[in-house]
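Notes follow once the structure below has been shown.
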Amino acid sequence: MSTTKPKDLSAFGEAALALDVEFAEFERLAREIERLSIGTDKGLERGRTLLVEIDSCNERMALGMQGLSRTLDEARQRSEEAAKLVCERALQIQTRHREAEAMMERFKTLGEMVKQINVAVASLKNQNGADVTDEDRAVIESRMPDFNVQMGVLVEEARKLMEDAREANMKDLERNADSLRQTLQSARHKLNLIADRQRDRTPGATAGPEVTH
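The sequence shown lines up with residues 15 to 227 when you count with this note's numbering.
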């Protein structure tokens with residue numbers, strides 16, 4: 015009994031389909047022999063023929079069940095291998111996600127520190143007017159080295175984050191970290207300019223150590 019096989023059917027599916035065909039054929043033969051009248055020579059001969067066909071169908075069903083069992087074992091093995099691969103990939107994805115979260119947290123922390131530095135620099139710029147007293151200028155100038163050191167640390171951390179993001183192939187974070195690094199360098203440069211102006215405005219001031227850029 016022929017049947018049309020669906021496209022892209024697996025070995026297990028083909029075995030199941032073939033066995034299903036034999037089951038259907040067996041049922042058809044069983045119904046026919048049940049209805050068959052064996053009171054005539056013709057009916058008796060047909061009955062003998064049906065018994066042969068039924069035996070043959072039984073053999074094919076037995077072979078089909080063996081084949082189905084074999085393909086089922088193979089399918090189970092493939093499924094277990096696929097599940098193992100999925101598990102390994104899931105662990106890789108989780109690890110990657112944790113790394114990305116850690117880097118994003120570093121970026122967020124840097125961003126917050128940059129905001130604080132920018133507020134401090136803006137405050138110094140506002141205090142850098144002509145009416146600022148010598149005492150105020152001295153306080154401002156005394157804070158410059160600490161700000162410069164802090165900015166240097168942040169610039170280096172932004173550079174390191176940019177490199178880590180590049181190594182992890184996190185393009186967006188790499189660009190954002192580089193942009194943050196450039197912002198920090200610009201702010202640091204402005205800070206140095208403020209420090210230079212403070213030294214110029216301090217009466218009798220001598221050139222102190224140059225602030226590192």
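The C-beta atom is built at its ideal place from N, Cα and C for all residues, glycine as well.
All values reported here derive from a predicted model rather than from experimental measurement.
Using the rule of at least 16 other Cβ atoms within 10 Å of the residue's Cβ for burial, across every protein chain shown, is Cys71 buried or exposed? The sequence position of residue 71 within the sequence shown is 57, counting from 1. The residue in question, Cys71, is buried, as its Cβ has 16 or more Cβ neighbours within 10 Å.
Taking all protein chains shown into account, decide if Asn190 is buried (16 or more other Cβ within 10 angstroms of its Cβ) or exposed. As a first step, residue 190 must be located in the sequence shown, where it is residue number 176. Buried, since its Cβ has 16 or more Cβ neighbours within 10 Å.
Across the segment 47-60 and the segment 108-119, are there enough close Cβ pairs to call them in contact, namely three or more that are closer than 8 Å? no
Out of Ser156, Arg173, Glu88 and Met75, state which residue places its alpha-carbon closest to the alpha-carbon of Arg120. As a working note, residue 120 is residue 106 in the sequence shown. Checking every option, the nearest Cα to that of Arg120 belongs to Arg173.
What are the start and end residues of the alpha helix (DSSP H) that includes Leu23? Counting from 1 along the sequence shown, the entry for residue 23 is found at position 9. Note, Leu23: premise wrong, no alpha helix (DSSP H); not H, not E.
On the three-state DSSP scale, how would you describe Gly166? Counted from its first residue, the sequence shown places residue 166 at position 152. It is helical.
Rounded Cβ spacing between Met75 and Phe40 (contact assumed at less than 8 Å): Start at 1 with the first residue of the sequence shown, and residue 75 comes out as number 61. Start at 1 with the first residue of the sequence shown, and residue 40 comes out as number 26. Going by Cβ atoms, the distance from Met75 to Phe40 rounds to 6 Å, so yes, they are a contact pair.
Is the CB-CB distance between Ala179 and Glu188 below 8 Å? Position 165 of the sequence shown holds residue 179. Position 174 of the sequence shown holds residue 188. Cβ distance < 8 Å, so Ala179 and Glu188 count as in contact.
From Thr63 to Phe26, what does the alpha carbon distance come to, in whole angstroms? For the purposes of this step, residue 63 is taken as the residue at position 49 of the sequence shown. For the purposes of this step, residue 26 is taken as the residue at position 12 of the sequence shown. About 32 Å.
Glu164 versus Arg110 - alpha carbon distance: Taking the first residue of the sequence shown as position 1, residue 164 is located at position 150. Taking the first residue of the sequence shown as position 1, residue 110 is located at position 96. A quick correction: the sequence has Gln, not Glu, at residue 164. If I take the Cα positions, the gap works out to 30 Å.
So Thr85 packs on Ala29, CB below 8 Å; how close in whole Å? Mapped onto the sequence shown, residue 85 falls at position 71. Mapped onto the sequence shown, residue 29 falls at position 15. So it is a contact: roughly 5 Å between Cβ atoms.
Can Ala201 and Ile131 be called in contact, C-beta distance under 8 Å? Here residue 201 refers to the residue found at position 187 of the sequence shown. Here residue 131 refers to the residue found at position 117 of the sequence shown. The answer is yes: Cβ separation under 8 Å.
Same chain, Cβ closer than 7 Å to Leu198, five either side skipped, listed in chain order: Your numbering for residue 198 matches position 184 in the sequence shown. Cβ-Cβ distances below 7 Å link Leu198 to Val128, Met165, Leu168, Val169 and Ala172 in the same chain, with the five nearest sequence neighbours on each side left out; the list follows chain order.
According to DSSP, simplified to helix, strand and coil, what is Gly81? Sequence index remark: in the sequence shown, residue 81 carries index 67 (1-based). Of the three classes helix, strand and coil, the one that applies to Gly81 here is helix, per DSSP.
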